[in-house]
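> Would you mind keeping the following structure in view while I ask a few things?
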Amino acid sequence: MPAVQETVEQVRSIDVDQYKYGFFTDIESEKAPKGLDEDTVRFISAKKNEPEWMLEWRLEAFRRWQTMREPDWARVSYPAIDYQNLYYYSAPKRPSQLSIDDIDPEILATYEKLGIPLRERDALLGIESAGGSRVAVDAVFDSVSVATTFKEELAKAGVIFMPISEAIREYPELVKKYLGSVVPVTDNFFATLNSAVFSDGSFVYVPKGVRCPMELSTYFRINERNTGQFERTLIIADEGAYVSYLEGCTAPMRDENQLHAAVVELVALADAEIKYSTVQNWYPGDKDGKGGIFNFVTKRGDCRGDRSKISWTQVETGSAITWKYPSCILRGDNSQGEFYSIAISNGRQQVDSGTKMIHLGKNTSSRIISKGIAAGYSDNTYRGLVSAHRKATGARNFTNCDSLLIGDKCGAHTVPYIESKNSSAHFEHEATTSKISEDQLFYCRQRGLDPEEATALIVNGFVKDVLQQLPMEFAVEAQKLISVSLEGSVG
Amino acid sequence: MAMLEIDNLHAKIDGDEGKEILKGLSLKVNPGEVHAIMGPNGSGKSTLSYILAGKEDYEVTDGSVTLDGEDLLEMEIDERAAKGVFLAFQYPIEVPGVATMTFLRAALNAQRKKRGEAEISTPDFLRLVKAKSGALGINPDMLKRGVNVGFSGGEKKRMEILQMAILEPKICILDETDSGLDIDALKVVSEGVNALRSPDRGMIVITHYQRLLNHIVPDFVHVMNKGRIVRSGGKELALELEANGYAEYQQDAA
Ligand SMILES: Nc1ncnc2c1ncn2[C@@H]1O[C@H](COP(=O)(O)OP(=O)(O)OP(=O)(O)O)[C@@H](O)[C@H]1O
Ligand SMILES: [Mg+2]
């Protein structure tokens, strides 16, 4: 694993308290007027050339949202968000989703700087040599998707991979059938807000019996100031289909907080499998807690068919506040849900994350492996719910939550809820909290590693079970990210 | 000046007012020499090895330690390691999830980098590990496992010697490397240590048993009691101790 060495190089090459992806791209953009009312919703819908039914759907969500209150049960605290002081739509001026040569070169350069090649030729060279497989990318810049690669090749396999705004126009029947079917419009404050104002995101449909020929990924970038990002992702794996999907996120460094409220819905029909991985690295704010992204995200997968499987893997290192519970509804008999998580907090970051496994069908099983690492003055909470419906005969869950503390100014908390209405359900829960021991550090340093190298090595060992779940190319990336985000946490 | 020079070393537990553990210990180790240290439980042998390695739980209140004339006590733990100080732990530490192979390579490269040397190439590293672990009778599968996780007492000790063989230190401190080894393993490990004896490397071998010194024959034997070296001699001193115990020294020091 030479990546450890690379990791360390990377830590060295960056000054403490400096977020690598914090640059701003200076391009002309078009925005909706500041604030949120029905006209904003209409503006967004019109910009996207949406059919009437979509506008109605949004407006209904908006009216509903106005009656809702922001949730306050999570273990996070932040100044009140002024929803009227935000932009809800911002798009680069040049037309998007044309040929690659029409994309603003500044944007292409931005993605290049982020290590995401949007030219398919570059993508082939770049990623193939690194990991041996190819990855199709949908790049979302502020409110719009600017490029989607390998579309044609995917189409040959029958896979639809496109911005959701395009899918609404081109595949209205699919979108109507599934949008909001996993996360209902009224699910929660942030999801409802998203339903009203979502601007772009990815849409994936893998037809019956098809194994998606490559990894799919979306790369989200917030660029504009005072702009909320509300992306919406919908992935459907039809009977017997398989797809692996990865999202990555970054944002410029800014003094003010920025809101990101996404909704992700996954639907797996009978015998289908969806693997969804996230490497979240939004700007976390500076060392005093100034700025950073508020990441309030609703992610849910529905194992709708028998023997279906949904697996969430997340590496969460960024954001000032993370509020996120990727969940599985195990509706089909013998369906399986998995949640593998690494959540790292440093500085003044606050993380409240976990999962819900809702067992409805017979012989359903779920597995939760969560690794929380808290450093600096941060707070890191695992919040999980495992429930068995009274018809969920033979439901099984295994949960393992480990927390690692670095230093003594941070906190780690585990809040597991278990509800079983079926006596044959078998739920197992293990939890540990540990500190990086002085003995481990001493041992590693006696062998020549400096304190940062030693910490990186020990933490990488701590999260190994989860890193193994990531597609190979991203595991290396995630490993680097972990060390970078722990920088300045020792000594 | 000797390679390693310990002069009148006094040390106590950090933050603890009363308890002095080392009370004026002096020792010189020249390149090529093997020094055995024996002494009753609690006399301060492990403490000495930790202080040489730089463990932060102790405070040196008097005396000095130099390595090649440089003040060792001023150096960071990892800096000492890069300068060639190696401690084979009495109780090796577990690092879960970090494959032993990864650990070895990270350590070797960290040291090389501190010394301004290039990183070792993958084929060279694999060749090196294969040769050294083979000689110590270590099954390659074990190197895939987490550092010391689930290893038997004897396996842990072999791993310490493997690390030593790969890092090629200047001064090796072996703290009760023989404890927990069966008779065959004792032989293999001793051979491993002997293979590392060289004209430019010094060793301090801490042990309770003369048996080890039949395999690793020392140039000097020191008796340590209550934080001090109370007697020094040749290898025959170990035999004498084996026969008579420490009673004589414990009275002297009291
Ligand atoms: N960190 C510590 N905190 C408290 N006491 C300590 C600490 N380290 C050492 N001591 C004490 O110092 C004394 C010397 O301990 P040390 O481990 O160096 O002895 P030793 O000679 O290695 O013994 P053994 O032969 O049993 O390994 C003992 O009384 C021990 O309890
Ligand atoms: Mg000891």
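Residue numbers (the working numbering), protein chains in the order written: chain D, 149 to 639; chain L, 1233 to 1486. We put the CB at the ideal spot given by N, CA and C, even for glycine. If you're wondering where the values come from, they're calculated on a predicted model, not measured in any experiment.
Which residues share a DSSP beta bridge with K472/D?
Along the first sequence, read from residue 1 onward, the residue named residue 472/D stands at position 324. BP columns for K472/D point to V445/D and S501/D.
> So I490/D and V611/D are in contact, right, with Cβ under 8 Å, and what is the actual spacing, rounded?
Counting from one through the first sequence, the residue named residue 490/D turns up at place 342. Counting from one through the first sequence, the residue named residue 611/D turns up at place 463. 5 Å between Cβ atoms; contact.
> Taking its Cβ as the centre, do 16 or more other Cβ atoms sit within 10 Å of T215/D, making it buried, or is it exposed?
Position 67 of the first sequence, counted from the start, is the residue given in the question as residue 215/D. The residue is exposed, with fewer than 16 neighbouring Cβ atoms inside 10 Å.
> Please confirm whether L272/D has its beta-carbon closer than 7 Å to some beta-carbon of chain L.
Sequence index remark: in the first sequence, residue 272/D carries index 124 (1-based). Low confidence applies here, because L272/D scores a pLDDT of 41, under 50, leaving its location unreliable; read the following figure in that light. Chain L, which has no Cβ nearer than 7 Å to the Cβ of L272/D, makes this no.
> Using C-beta distances below 7 Å, list every residue in its chain close to G480/D, excluding the 5 sequence neighbours before and after it, in chain order.
Along the first sequence, read from residue 1 onward, the residue named residue 480/D stands at position 332. Result list for G480/D: A418, C451, R452, G453, D454, R455, S456 and G509, in chain order.
> Could you pull out every residue in the same chain whose Cβ sits closer than 7 Å to the Cβ of R1312/L, ignoring the five residues on either side in sequence?
Numbered from 1 along the second sequence, position 80 holds the residue referred to as residue 1312/L. Hits under 7 Å: A1285, G1286 and L1304.
> What does K1287/L touch in chain D if you count any residue whose Cβ is under 7 Å from its own?
For the purposes of this step, residue 1287/L is taken as the residue at position 55 of the second sequence. The contacting residues are F590.
> Tell me the rounded alpha-carbon separation between D1294/L and I1238/L.
On the second sequence, residue 1294/L is found 62 positions in, with the first residue counted as 1. On the second sequence, residue 1238/L is found 6 positions in, with the first residue counted as 1. Their Cα atoms are separated by approximately 11 Å.
> Using a cut-off of 8 Å between C-beta atoms, extract the partners of I469/D located in chain L.
As a first step, residue 469/D must be located in the first sequence, where it is residue number 321. Here the premise fails: no neighbours, minimum Cβ distance about 28 Å.
> Listing by chain order, which chain L residues have their CB less than 7 Å from the CB of D587/D?
If you number the first sequence from 1, residue 587/D lands on position 439. Near D587/D (Cβ distances below 7 Å), the residues of chain L are I1325.
> Counting only beta-carbon atoms, is D1373/L nearer than 7 Å to chain D?
Residue mapping note: residue 1373/L aligns to position 141 of the second sequence, counting from 1. Judged by the 7 Å Cβ criterion, D1373/L is not in contact with chain D.
> List the whole-angstrom C-beta distance separating K472/D from K504/D, where the pair is believed to meet the contact cut-off of C-beta under 8 Å.
As a working note, residue 472/D is residue 324 in the first sequence. As a working note, residue 504/D is residue 356 in the first sequence. Going by Cβ atoms, the distance from K472/D to K504/D rounds to 11 Å, so no, they are not a contact pair.
> Shorter than 7 Å from the beta carbon of L1319/L to some beta carbon of chain C?
Note that chain C does not occur in the displayed structure, where the protein chains are D and L.
> Given that D1310/L touches chain D, what residues does it touch there, using C-beta distances under 7 Å?
As a first step, residue 1310/L must be located in the second sequence, where it is residue number 78. Near D1310/L (Cβ distances below 7 Å), the residues of chain D are R593, G596, L597 and D598.
> Quick one: what does DSSP say V1330/L is sitting in, helix, strand or coil?
The residue given as residue 1330/L occupies position 98 in the second sequence. Note: V1330/L maps to strand in three-state DSSP.
> Looking at I1253/L and ligand 1, is the gap between the Cβ and the nearest heavy atom below 6 Å?
Working through the second sequence from its first residue, we reach residue 1253/L at position 21. Flag set: Cβ of I1253/L near ligand 1.
> Within 10 Å of its beta-carbon, does R380/D have 16 or more other beta-carbons around it, so buried, or fewer, so exposed?
The residue labelled residue 380/D in the question sits at position 232 within the first sequence. By the 10 Å Cβ count, R380/D comes out buried.
> For D527/D, list the residues DSSP reports as bridge partners.
If you number the first sequence from 1, residue 527/D lands on position 379. In the DSSP assignment, D527/D forms a beta bridge with Q498/D and G559/D.
> At a cut of 8 Å, does the region 1464 to 1484 of chain L reach the region 1443 to 1455 of chain L through at least three beta carbon pairs?
yes
> According to DSSP, what are the bridge partners of D1410/L?
Walking along the second sequence from the start, residue 1410/L turns up at place 178. Its beta-bridge partners do not exist; DSSP assigns none.
> Quick one: Cα of E576/D to Cα of A1338/L, how far?
Here residue 576/D refers to the residue found at position 428 when the first sequence is read from its first residue. Here residue 1338/L refers to the residue found at position 106 when the second sequence is read from its first residue. E576/D and A1338/L: Cα-Cα distance of roughly 36 Å.
> According to DSSP, H507/D sits in a beta bridge with which residue or residues?
Locating residue 507/D in the first sequence gives position 359, where the first residue counts as 1. H507/D pairs with L478/D and A536/D.
> Consult DSSP for W221/D and reduce its assignment to one of helix, strand or coil.
Position 73 of the first sequence holds residue 221/D. Here W221/D sits in coil by DSSP.
> Under a CB-based cut-off of 7 Å, is Y473/D close to chain L?
Against the first sequence, residue 473/D aligns to sequence position 325. Chain L, which has no Cβ nearer than 7 Å to the Cβ of Y473/D, makes this no.
> May I ask you to check if the CB of G1274/L is nearer than 6 Å to at least one heavy atom of ligand 1?
Locating residue 1274/L in the second sequence gives position 42, counting from the first residue. Short note on G1274/L: C-beta closer than 6 Å to some heavy atom of ligand 1.
> Roughly how many angstroms lie between the CA atoms of A1479/L and L589/D, to the nearest whole one?
Mapped onto the second sequence, residue 1479/L falls at position 247. Mapped onto the first sequence, residue 589/D falls at position 441. Going by the C-alpha atoms only, they are around 38 Å apart.
> When the Cβ atoms of the region 226 to 241 of chain D are set against those of the region 176 to 192 of chain D, are three or more pairs found closer than 8 Å?
yes
> CB of Q1322/L to nearest heavy atom of ligand 2: below 6 Å?
Position 90 of the second sequence, counted from the start, is the residue given in the question as residue 1322/L. Yes, the beta carbon of Q1322/L sits closer than 6 Å to at least one heavy atom of ligand 2.
> Taking 7 Å as the CB-CB cut-off, is G609/D touching chain L?
Start at 1 with the first residue of the first sequence, and residue 609/D comes out as number 461. With 7 Å as the cut-off, G609/D counts as an interface residue toward chain L.
> Does the Cβ of I1245/L lie closer than 6 Å to at least one heavy atom of ligand 1?
What you label residue 1245/L is simply residue 13 of the second sequence in a count that begins at 1. Yes, Cβ of I1245/L sits closer than 6 Å to a heavy atom of ligand 1.
> Just the Cα atoms here: how many angstroms apart are S501/D and T470/D?
For the purposes of this step, residue 501/D is taken as the residue at position 353 of the first sequence. For the purposes of this step, residue 470/D is taken as the residue at position 322 of the first sequence. Each residue's alpha carbon lies about 7 Å from the other.
> Could you tell me which chain L residues have their CB closer than 8 Å to the CB of L605/D, listed as they occur along the chain?
Residue mapping note: residue 605/D aligns to position 457 of the first sequence, counting from 1. The contacting residues are V1327, V1330, T1334, F1335 and A1338.
> I need the boundaries of the alpha helix (DSSP H) containing A344/D, first residue and last residue.
The residue given as residue 344/D occupies position 196 in the first sequence. Run containing A344/D: F337 to V345, per the alpha helix (DSSP H) assignment.
> So, does the CB of Q1343/L fall closer than 7 Å to a CB anywhere in chain D?
Taking the second sequence and counting its residues from 1, one reaches residue 1343/L at position 111. Yes, Q1343/L counts as interfacial toward chain D.
> Could you give the uninterrupted runs of the alpha helix (DSSP H) lying entirely in the region 1301 to 1378 of chain L, keeping only those of 4 residues or more?
1309 to 1314, 1332 to 1346 and 1354 to 1367
> What is the DSSP secondary structure of Q594/D, counted as helix, strand or coil?
Position 446 of the first sequence, counted from the start, is the residue given in the question as residue 594/D. Helix, per DSSP.
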